[in-house]
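The sequence shown lines up with residues 2 to 57 when you count with our numbering.
What follows is a single structure, written as structure tokens, with notes after it.
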Amino acid sequence: MTEGNRRRSDTSVIAIAAVTAGGMVAATGHGLVATVVTTALCAGGLAVAQFWIRGD
2 MTEGNRRRSD TSVIAIAAVT AGGMVAATGH GLVATVVTTA LCAGGLAVAQ FWIRGD
């Protein structure tokens with residue numbers, strides 16, 4: 002897998018995980034703010050983890 006494809010794949014995984022987490026929060030009846038915050042924090046946390054692991 003080329004570097005460009007790997008980055009695109011990693012970004013897709015982060016986006017899917019963040020949206021899934023936000024969807025779970027929304028499905029449990031929490032408000033819009035909680036859903037948006039959960040999605041943002043999840044995406045940010047995964048991006049930071051990727052940065053630490055890969056050293057990009």
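Every residue, glycine too, gets a C-beta built ideally from N, C-alpha and C.
Within the stretch 2-29, the alpha helix (DSSP H) runs of at least 4 residues that lie entirely inside it are, in chain order, 4-28. The Cβ atoms of Thr12 and Val26 lie no closer than 8 angstroms to each other. Cα atoms of Val20 and Leu42: separation of roughly 11 angstroms, rounded to the nearest angstrom. Each residue's CA atom was taken as its position, placing Arg9 and Trp53 some 17 angstroms apart.
Taken through DSSP and simplified to helix, strand or coil, Gly46 comes out as helix.
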